[in-house]
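Worksheet: the structure to be examined is printed underneath.
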Amino acid sequence: MYMSKQVPKRKRKFKIRHLIIMAVIIYIVSTFVSQQLKINEIKRQQLEVKGKIEAAILEKKELEEEIERLNSDEYIEELARKELGLIKPGDIIYKAVSSPQGTDSEKE
174 MYMSKQVPKR
184 KRKFKIRHLI
194 IMAVIIYIVS
204 TFVSQQLKIN
214 EIKRQQLEVK
224 GKIEAAILEK
234 KELEEEIERL
244 NSDEYIEELA
254 RKELGLIKPG
264 DIIYKAVSSP
274 QGTDSEKE
């Protein structure tokens, strides 16, 4: 009677072997998935950094062009006229006069 209740060694080894194989497969799959997630995050960061680098290169180019313009007398003169209101000797200044407040359309 006692022998009939015992699971044969062969079936027990078979179950243990299946459990070990399943554990290994689960470990491999979970490792693969986590690595793929890390790779995707790194690729996203890489694209972000590339965008920042391109923006920095563009800004550098614009700044170099601005430096080149600032080294020219014509550009400095233009800035002085626009921003500081400076004039050359002999220039005539015209100022716009605003219209008086009592126009014809208001009288009617």
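If you read the sequence shown in this note's numbering, its first letter stands for residue 174, the second for the next number, and so on. Idealized CB from N, CA, C, for every residue including glycine.
From residue i to residue j, what distance separates their C-alpha atoms?
i	j	result
V206	I215	14 angstroms
L252	E238	15 angstroms
G224	R185	59 angstroms
R254	Q219	46 angstroms
Y248	R242	6 angstroms
E256	D246	15 angstroms
E281	S271	At E281, the pLDDT of 48 sits below 50, so the modelled position is not reliable and the matter cannot be decided from this model.
With DSSP run on the structure shown, which of helix, strand or coil describes residue i?
i	result
N244	coil
G224	helix
Q136	Residue 136 is absent from the model: the chain starts at 174 and stops at 281.
A269	coil
Q274	coil
R190	helix
K261	coil
Measuring only from the beta carbon, is residue i closer than 7 angstroms to any heavy atom that is part of the ligand MG?
i	result
I198	You won't find the ligand MG in this model; it holds no ligand whatsoever.
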